[in-house]
Amino acid sequence: MEPVEINAGAYYLRQLRADRHLDDRPALMEAFADPEHRRYVLNYRLRTTDEATEYITLRAAQWACDERCSWAVAEPTTGRLLGEVGLRDLDTTFGTAEASVWTHPAERGGGIAVTALSAAIRFGFGALELNEIAYRHLESNTASAIVAERCGFSRVGLEDRPSPTGEPLVRWVRTS
Numbered sequence: 001m002e003p004v005e006i007n008a009g010a011y012y013l014r015q016l017r018a019d020r021h022l023d024d025r026p027a028l029m030e031a032f033a034d035p036e037h038r039r040y041v042l043n044y045r046l047r048t049t050d051e052a053t054e055y056i057t058l059r060a061a062q063w064a065c066d067e068r069c070s071w072a073v074a075e076p077t078t079g080r081l082l083g084e085v086g087l088r089d090l091d092t093t094f095g096t097a098e099a100s101v102w103t104h105p106a107e108r109g110g111g112i113a114v115t116a117l118s119a120a121i122r123f124g125f126g127a128l129e130l131n132e133i134a135y136r137h138l139e140s141n142t143a144s145a146i147v148a149e150r151c152g153f154s155r156v157g158l159e160d161r162p163s164p165t166g167e168p169l170v171r172w173v174r175t176s
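Here it is as structure tokens:
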């Protein structure tokens, strides 16, 4: 699938970039260096420009293989990276996906995650014709619980398996 840009009102969602016009790598490295971000985003470490480049390349490949729709949440006039939102584990046969979102540490608390995730959900149910979108987070991540509630997810409960850290994962679901 080709990447799609989305007007999310106060922000726009676009593909992550590292080109002569726009370079998201410095903001990615800043975000992934933040201790709170590292606590909740366990699968990636972006310590160098090369690792950030690989991350951007991975996200583009996931779009191309229909595995994941991933957007940079961007400030509309400058294109500055504010966070990332996505629909991963896409299964268009069964109409399911799992949502994910993070916000740059300097931008937390301003409603960016709710706005961006709401736009991604609309895309999932509308353009991709999904039936169900799940959302999971560590039980201690109260900010993610607030985002889930504000985006219309219903709390299902704790996952049977703990996270890689051993902490329980909370599962939420939203249907079309």
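The numbering of the sequence shown is full-length UniProt numbering, which starts it at 1 and goes up by one.
In this text, a Cβ means the ideal position worked out from N, Cα and C, and glycines have one as well.
Item, Value
"Valine 147 - containing alpha helix (DSSP H), residue span", "142-150"
"Beta-carbon proximity of valine 101 to alanine 113, cut-off 8 Å", "yes"
"Neighbourhood of residue 265 by C-beta distance below 7 Å, restricted to the same chain and skipping five residues each side", "One cannot answer for residue 265 here, as it falls past the ends of the chain, which runs 1 to 176."
"Inter-residue spacing [alpha-carbon to alpha-carbon] between alanine 145 and glycine 109", "13 Å"
"Cβ neighbour criterion (16 or more within 10 Å) applied to aspartate 24", "buried"
"Residue closest to glutamate 149, alpha-carbon to alpha-carbon, out of Pro164, Thr92, Trp172 and Ser70", "Trp172"
"Backbone secondary structure at tyrosine 44 - three-state DSSP", "coil"
"Assigned exposure category for cysteine 65 - 16 Cβ within 10 Å defines buried", "exposed"
"Pair within 8 Å by beta-carbon distance, phenylalanine 125 and serine 176", "yes"
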